[in-house]
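Comments concern the structure below.
There are 2 protein chains.
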Amino acid sequence: MDTGQANVHRQNGVALWRQIADRIRASIANGDYDASGKVPPEFTLAAQFGVNRHTVRSALAALAQEGIVRSVQGRGTLIERKERLNFPITRRTRFSEGIGDQAREKEGLLLHSAREPASADLSARLHIAEGAPVIRLETLRKADRRPVSRSTTWFPAERFGGIEEAYEKTGSITAAFRKLGLADYLRVSTEVTAIHADGADLADLQLSPGAIILVARALNTDPDGVPVQYAISRFPADMVQFTIEN
Amino acid sequence: MDTGQANVHRQNGVALWRQIADRIRASIANGDYDASGKVPPEFTLAAQFGVNRHTVRSALAALAQEGIVRSVQGRGTLIERKERLNFPITRRTRFSEGIGDQAREKEGLLLHSAREPASADLSARLHIAEGAPVIRLETLRKADRRPVSRSTTWFPAERFGGIEEAYEKTGSITAAFRKLGLADYLRVSTEVTAIHADGADLADLQLSPGAIILVARALNTDPDGVPVQYAISRFPADMVQFTIEN
DNA sequence: CCTAAATGTCTATTAATATAGACAACCATA
DNA sequence: TATGGTTGTCTATATTAATAGACATTTAGG
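Line order of the protein sequences matches chains A and B. If you count by the numbering used here, then the first sequence holds residues 1025 to 1270, one letter each, in order. If you count by the numbering used here, then the second sequence holds residues 1025 to 1270, one letter each, in order.
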C-alpha cells in the first residue's frame, strides 16, 4: 500500500529519535524487514528519515533497550522480536482463551486488591447502589514472561466476596468466577481508546516512555444480563491489536 | 477511581509540555473540569505535575492551538471544546449512522481515487485473484467541520465500477453502494490498533504532531458473505472512541 | 476602587536533542 | 587475507526544552 514518505516532524514535543524508533518498530511488526531479518543500515535509515546517523542510533538504542533489535558491530542490527498479539473481542471474550496459542506461558498476577464504595460512574455500570461495596483488583497479565496488560477491575462485593483469593490462586478471572459459583459470563460492551502511557503503566508494562497504550473498558454480565464485572485494561499498542468479529 | 499521581517523565523523547498537554486534554474529555468550565490555574498545574509554570504554559499554548482551550488574562484558561465522538462497531456499522446526532454537519470528501491491481494481502481479504483490479478511494470524513477520519478503502473493480463518482456525489459509502445496486452490507471483522500519526495524517486530520491515531481495518461483505469492501480508517484518538456492543 | 488571583512577558541559565565529522573495530566474503 | 560494509566511539557545536525569578497586565469580587 502507500509507501508514503511520511517524514518525521520537528519541534512537536516528540523527539526525532523517538518518532524514528516508533516507525521502525511498526515496520518490524509489519514484516517489512522479514527478508533479511535485519533493519537497514544506519546510514540508509538516516538518509530515509532525513536525519543524522546519530539520531538513528538513538532510535535503535531505544529499540535495543526494549529487546526488539540487537546491534552487532560489523554485521548490522538484527531483529530479535517481532510480534503483535491479537485479542478477539466477542460476546465470549476471555483473556486467556483470547491469547490462545499465541503464547506458551500465560500468567495472571494480582498486584493489589481493595474493598471500597462504588463511585457514581461505577455503580451505574454495575447496576448497584452508589456507595455499595465493590472489590477492586489490580492485575498484571503476562504472555511468555512479557507483560501484555495491566487491568483495574471491579466486582460487586456482596456477590463475589473472596474473589481476590480466588484470582490470586488461579491467575484467571474465569476460574475465579467458577470458584464462586458463576459458571459463565458474557461480554456486553467494550470501549476502546488510545492514550500515551502514564508513569505507573510504563513501569508495570515495562515500556519505554512515550509509548502508546490501548485502553479497553469492558462490562461483563452473567447469562441473565446482571453485571458481574467492570474492567479497564491497558495494553501496549505496539504489541497488541484487537479484532472484532461480527 | 485511582486518582493516581502518575507523574510525567523526563528524557523519554517526549517533551514534558506535550505529555502535560495530552494529560490535560484527556482530563477535559473526561469531564474532570466540568464544574468550573476552566482548567486549573497554571500554578496549580505546575505543582501537580512537578514542573515549572512555563512548561505548563507551553502545554496550554498547544491546547489553545488545537482550539481546545482559550486563555484569558485575569480570568483563567477556559475550556472551548470537549468531545469524544463514539463509534459503535457492530455487524451493521456505518460511519454516518454511527455518528448519529453527535454532530450536526456530516461530510464525506473524496480526496483521490485510483484503479490498481490487488496486492497479495488485499486479494486474500477480498477473496479475489491476486492482481485483479480494485478501486481505491482516499476519503476524509468530517463532523461539524472537524476532520474525524481519514480512510483508504478498496472495492473489487469488476463489481463496483463507478463507485468513485457515486461516492463523490453522495459523500457516503452506504449511498454509493445503493446506487450500484447493493442495498445492504455487513461488517464481518474490525481490527483496531493505535500508532503515532504520520505526516500525511497530521495534515489531513489537522492534528498537532505527536498525536495518537486509532487505526481500524474493516472488512464488509454483502448479505451472502461475499467481500465488498476493505477499509483502513484512521481516527484522532483524543476525539474518538470505539464501542463494541455484543 | 482596591485587592487577590489569574495570565502575559521578559531575562538568564542549565539540560536535553540534534548535527557534523573523523576514525576505530568488527564481520562476512570474495 | 584483503576489502567493503557495517556498528562503536569520540569531540565539537548549534538548537530546543526546561527551569528560575521578577514584574506587568487583566479580571472578578468584596
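Cβ coordinates follow ideal geometry from the N, Cα and C atoms, glycine included. All values derive from a computational prediction rather than experimental measurement.
Where residue i falls, given that 16 or more other Cβ within 10 Å makes a residue buried
i: residue 1220 of chain A; result: buried
i: residue 1028 of chain A; result: Note on residue 1028 of chain A: pLDDT 33, under 50, position unreliable in the model; no value is reported.
i: residue 1025 of chain A; result: With a pLDDT of only 32 at residue 1025 of chain A, under the threshold of 50, the placement of this residue in the model should not be trusted; the figure read from the coordinates follows. Under this definition residue 1025 of chain A is an exposed residue.
i: residue 1184 of chain A; result: buried
i: residue 1067 of chain A; result: exposed
i: residue 1248 of chain B; result: exposed
i: residue 1189 of chain B; result: exposed
C-beta atoms of residue i and residue j nearer than 8 Å
i: residue 1136 of chain A; j: residue 1251 of chain A; result: no
i: residue 1261 of chain A; j: residue 1050 of chain B; result: no
i: residue 1033 of chain A; j: residue 1223 of chain B; result: yes
i: residue 1133 of chain A; j: residue 1177 of chain A; result: no
i: residue 1109 of chain B; j: residue 1061 of chain B; result: no
i: residue 1171 of chain A; j: residue 1230 of chain A; result: yes
i: residue 1173 of chain B; j: residue 1118 of chain B; result: no
i: residue 1225 of chain B; j: residue 1237 of chain B; result: yes
i: residue 1042 of chain B; j: residue 1038 of chain A; result: yes
i: residue 1216 of chain A; j: residue 1216 of chain B; result: yes
i: residue 1070 of chain A; j: residue 1077 of chain A; result: yes
i: residue 1065 of chain A; j: residue 1100 of chain A; result: yes
i: residue 1167 of chain A; j: residue 1130 of chain A; result: yes
Integer Cβ distance of residue i from residue j, believed to fall under 8 Å
i: residue 1180 of chain B; j: residue 1153 of chain B; result: So it is not a contact: roughly 10 Å between Cβ atoms.
i: residue 1081 of chain A; j: residue 1088 of chain A; result: About 10 Å separates the two Cβ atoms, so there is no contact after all.
i: residue 1048 of chain A; j: residue 1083 of chain A; result: 6 Å
i: residue 1146 of chain B; j: residue 1191 of chain B; result: Going by Cβ atoms, the distance from residue 1146 of chain B to residue 1191 of chain B rounds to 19 Å, so no, they are not a contact pair.
i: residue 1175 of chain B; j: residue 1255 of chain B; result: 5 Å
C-alpha gap between residue i and residue j, whole angstroms
i: residue 1030 of chain A; j: residue 1044 of chain A; result: Note on residue 1030 of chain A: pLDDT 49, under 50, position unreliable in the model; no value is reported.
i: residue 1186 of chain A; j: residue 1138 of chain A; result: 11 Å
i: residue 1075 of chain A; j: residue 1040 of chain A; result: 8 Å
i: residue 1140 of chain B; j: residue 1201 of chain B; result: 20 Å
i: residue 1142 of chain A; j: residue 1159 of chain A; result: 9 Å
i: residue 1205 of chain B; j: residue 1253 of chain B; result: 14 Å
i: residue 1207 of chain B; j: residue 1165 of chain B; result: 22 Å
i: residue 1263 of chain B; j: residue 1169 of chain B; result: 13 Å
i: residue 1055 of chain A; j: residue 1267 of chain B; result: 29 Å
i: residue 1058 of chain A; j: residue 1144 of chain B; result: 16 Å
i: residue 1149 of chain B; j: residue 1269 of chain A; result: 14 Å
i: residue 1046 of chain A; j: residue 1106 of chain B; result: 29 Å
i: residue 1104 of chain B; j: residue 1193 of chain A; result: 49 Å
i: residue 1073 of chain B; j: residue 1182 of chain B; result: 57 Å
i: residue 1079 of chain A; j: residue 1036 of chain A; result: 16 Å
i: residue 1096 of chain A; j: residue 1096 of chain B; result: 55 Å
Item to check | Cβ contact (3+ pairs, closer than 8 Å) linking the stretch 1103 to 1120 of chain B and the stretch 1199 to 1213 of chain B | outcome: The answer is yes - the stretch 1199 to 1213 of chain B touches the stretch 1103 to 1120 of chain B, with three or more Cβ pairs under 8 Å.
Next on the checklist: Within 8 Å, do at least three Cβ pairs link the stretch 1189 to 1207 of chain A to the stretch 1244 to 1258 of chain A?
Outcome noted: Short answer: they touch.
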